[in-house]
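Comments concern the structure below.
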Amino acid sequence: MIRHDPLMLRVSRIESLSPTLRRIILKSANGEPLPVAGPGAHLSLTLASPKKVYRNSYSVVSFSGDHYELIVRRVEDSRGGSAFVHENLKEGDLLPSTVPLNLFPIQVGSRKRLLIGGGIGVTPLLSFAKVLQESGDRFEMHQFVREDEKEVFENLVQGVGSKNIHIHTRRPKDGEIQALLEEQPLGTSIYMCGPDGLMAAVDEAAEALGWPENHVHREVFGAAGGKPFKAKLAKSGCELEVGENQSLLEAIEEAGVPINSLCRGGACGECMTSLLEGDPEHRDHFLNKEEKESGKLIMPCVSRAKSAQLVLDI
Amino acid sequence: MSIAYKPDETFRDDFVYSNSDAAILRFPFPFIEDEYMYSVNIEPHVRGGETGAFDAVFDVDEHYIAECRERAMVLEQDPNRCMVLPHMMTAQWDTLELIMESLAEDYPEDFTLEKDGDAWTWTNRPLGIKDSFVFGDVDSLPLEPFEYITRQAQGDFTLQDQRENNLFMDGGMVTTQADWSLEFDLGMSFHEWHGPVPVAHEINVFDRALQYLLRLQYGHPVRRLNWTMTVNPRLDTSPENYPIWGPDRMTLTPENIGGKLHLRVELQTLFRLPRSNAILFGIRCYLASLDELTSVPKWGRRLHRVLRDLHPEIAEYKGTTRYREMAVEYLSQFDDGEPTSSGIGPDVESL
């Protein structure tokens, strides 16, 4: 399958689960079959509010062939995307999205999987629990939620039909995570998603108990974009604004300045460009450590700026 | 336009094989310039490229029927050419879906996929196959899904599981290979199975390629070209059968080399599979003789220069040592010293 972003989706149904939780059902806007969302996959939606365009990533809770199910929490101090979903998004609205991207897949080879979630971090774990329950693989899930949301979360996990899911209506107590890890059989893998504090506690406990690093997995969303910055092209005399959802390479191409590229993923070296000024944020796998530290080269397909401006020698 | 298949071609014994003019012009000639060195030459696999070989997700050409028959013969003699480890069943279904959907979309006259929920019907007209089955139910197909569908596709396929920040070759259908063995490599990690390749390790090609592939995204496949040379149009140059094809190299003479020595190009494609998160690696093999390739003036000039100046270790790894000098001498008559255009396109519209 070859897909070109964006994938055009239509909001088919919105359901309020609690004052801060909304279930969103998305269907294909043009009737074409939807790309498959495996367990752990997420969609990056383009949310165009009147003020600003947001690009937010949400885990796909379930995929049924003709729709994706998302659950969106309204975050107090959000960048505005989740507030937009709660206040402005209506059934029938068109939403451009990326093809499902999975940076949090279930990996083979574990004797048992321990799923640990906090709050809205339940969303990818729900997709895991369904698949593991169906395949008969051994798993245990612990979900930490606020007292007033107990019922909502109990309803969410009820659909999985597993006795191995435990809802805790409080934060984990001191030593509780470590005790949970201690009682797991050898060969268990952890999959976690939740607030930083919870994930740090799991990391700490796993390290203290000598768990192999590659047995601890966490939700990650793609980091394609970043803070906007300015780029000055010395030879062609252009000044560009690189947007938060745009790569430096894309901005150069948009300005019509010729630049080579091939893999567009920081591996092949084709778009390597000399850097005259500025502090780069290297995200590629092509330049070696010395080259990165020299600050004289940059791979514009993936790398960005720590400083407000970069000056390139093209 | 429908494809004029050549069902009676053979890739062994009497070697009844040739490329039509159209097939020569659509050949994925692998050299973008007059010299060759390893690089991470990966680009997005989108429909369309410098020759017709890049027009479809999985390219089907005039050799399709004959190649599928050749594959069946190899499997009959050596069933272990198709092996998939038990934990890759989800990846098997992902593969079946990807190949069926792509062939049906790219070649609607030849392939049809009808779906009613999980009840699917697959029609393959060139091979005369029509099967109804339940997607996800292994017992509803005559073979396991990966073997079932890769018996109906040109080129080899391997399945890579992704875990522990590495890729493991945990399955494959390998009958048209350039001297490597699935049975030997099965279960190996990325650096293990690339161990024998010279030079590339020193320039960190494999570290970078692995990092890139670990981030390969669903819906955004990538491709690259690789090449070697083969005496006679033989698809199955496997280590298992070395005693059969190894001696072929002794049969080349300055008189027969133009028709007997073939450039072997692999159009390699890599797809992230959505349910299993595995990677499907397609290795689609194309064969064209020196005489066929030199009918395109640009390719004749370039092939001469690339072979003449090839890095000695790469020349040895590709098994060309025994005949390279003879080939360079033969090809020199097609090289008038004129410059060549960049890129792989033939620069001519007809032969």
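The listed protein sequences derive, respectively, from chains A and B.
Adding 694 to a residue's 1-based position in the first sequence gives its number in our numbering.
Adding 1126 to a residue's 1-based position in the second sequence gives its number in our numbering.
Ideal Cβ placement from N, Cα and C applies to all residues, glycine included.
- Two segments are said to touch when three or more pairs of C-beta atoms, one from each, lie closer than 8 Å; by this definition the stretch 975-983 of chain A does not touch the stretch 1134-1152 of chain B.
- Using a Cβ-Cβ distance cut-off of 8 Å, the stretch 1175-1183 of chain B and the stretch 1449-1456 of chain B are not in contact, since fewer than three pairs of beta carbons, one from each stretch, lie closer than that value.
- Along the stretch 800-818 of chain A, going in chain order, the ones with a CB nearer than 9 Å to a CB of chain B are Ile-800, Gln-801, Val-802 and Gly-803.
- Restricting attention to Glu-843(A), His-836(A) and Lys-844(A), the CA atom closest to the CA of Ile-859(A) is found in His-836(A).
- DSSP places Phe-1141(B) outside any beta strand (DSSP E), giving it a letter other than H or E.
- Every alpha helix (DSSP H) stretch that sits fully inside the stretch 833-896 of chain A and reaches 4 residues is listed by chain position as 844-852 and 870-876.
- Contact between the stretch 1391-1406 of chain B and the stretch 1215-1235 of chain B is present: three or more C-beta pairs spanning the two stretches fall below 8 Å.
- Residues of the stretch 979-994 of chain A with a C-beta atom less than 7 Å from some C-beta of chain B are His-979 and Phe-980, listed in chain order.
- Spatial neighbours of Thr-1302(B) in its own chain (CB-CB distance under 6 Å, excluding positions within 5 residues in sequence) are listed in chain order as Asp-1282, Leu-1361 and Cys-1411.
- Your pair Ser-821(A) and Pro-733(A) checks out as a contact, with CB atoms roughly 4 Å apart and the cut at 8 Å.
- Check the Cα spacing between Thr-1249(B) and each of Leu-1229(B), Val-1264(B) and Asp-1263(B): the tightest is with Leu-1229(B).
- In the three-state reduction of the DSSP assignment, His-1171(B) falls in the coil class, being assigned neither a helical nor a strand state.
- Under a criterion of Cβ atoms nearer than 7 Å, no residue of chain A is adjacent to Val-1260(B); the nearest Cβ is some 14 Å distant.
- Counting every other CB atom within 10 Å of its CB across the protein chains shown gives Gln-852(A) a total below 16, marking it as exposed.
- Interface with chain B (7 Å Cβ-Cβ cutoff): Gly-904(A) is excluded.
- For Ser-751(A), the enclosing beta strand (DSSP E) starts and ends at 747-753.
- Counting C-beta pairs closer than 8 Å gives fewer than three between the stretch 1159-1178 of chain B and the stretch 1265-1275 of chain B, which falls short of the contact rule.
- When DSSP reads this structure, Leu-1389(B) sits in a beta bridge with Met-1355(B) and Ala-1414(B).
- Taken in chain order, the whole beta strand (DSSP E) runs of length 3 or more contained in the stretch 1264-1290 of chain B are 1282-1289.
- Bounds of the alpha helix (DSSP H) holding Met-1215(B) are 1215-1232.
- Taken in chain order, the unbroken stretches of alpha helix (DSSP H) that lie wholly in the stretch 760-830 of chain A and span 4 residues or more are 775-781 and 816-829.
- For Cys-932(A), there is no enclosing alpha helix (DSSP H); the residue is part of the beta strand (DSSP E) that begins and ends at 932-936.
- Taking 4 residues as the minimum length, the alpha helix (DSSP H) runs contained wholly in the stretch 1309-1356 of chain B are 1316-1319 and 1331-1340, in order along the chain.
- In the three-state reduction of the DSSP assignment, Gly-1426(B) falls in the helix class, which pools H, G and I.
- Against chain A, the beta carbon of Leu-1224(B) has neighbours under 9 Å at Met-695, listed in chain order.
- In this structure, the straight-line span from the alpha carbon of Leu-826(A) to that of Tyr-1143(B) is close to 50 Å.
- Here Leu-701(A) is not near Val-802(A), since their CB atoms are 7 Å or more apart.
- Any Cβ of chain A closer than 7 Å to the Cβ of Ile-1275(B) would place that residue at the interface, and such an atom is absent.
- Here Leu-1419(B) is buried. Its C-beta has 16 or more other C-beta atoms within 10 Å.
- Against chain B, a Cβ distance below 8 Å from Arg-958(A) picks out Pro-1170.
- One thing to note: Glu-975(A) has its Cβ within 7 Å of the Cβ of Arg-998(A).
- Linking Trp-1246(B) to Pro-727(A) through their CA atoms gives a straight-line distance of about 15 Å.
- For the C-beta of Gly-1345(B), the chain A residues within less than 9 Å are, from N- to C-terminus, Met-695, Ile-696, Arg-697, His-698, Asp-699, Leu-701, Pro-729, Thr-792, Val-793, Pro-794 and Leu-795.
- Within chain A, the residues whose beta carbon sits less than 8 Å from that of His-1213(B) are Val-802 and Gly-803, listed in sequence order.
- Less than 7 Å separates the beta-carbon of Gly-888(A) from that of Gly-815(A).
- Residue nearest to Ile-1168(B) within the set Pro-1465(B), Gly-1178(B) and Pro-1156(B) is Pro-1156(B) (criterion: CA-CA distance).
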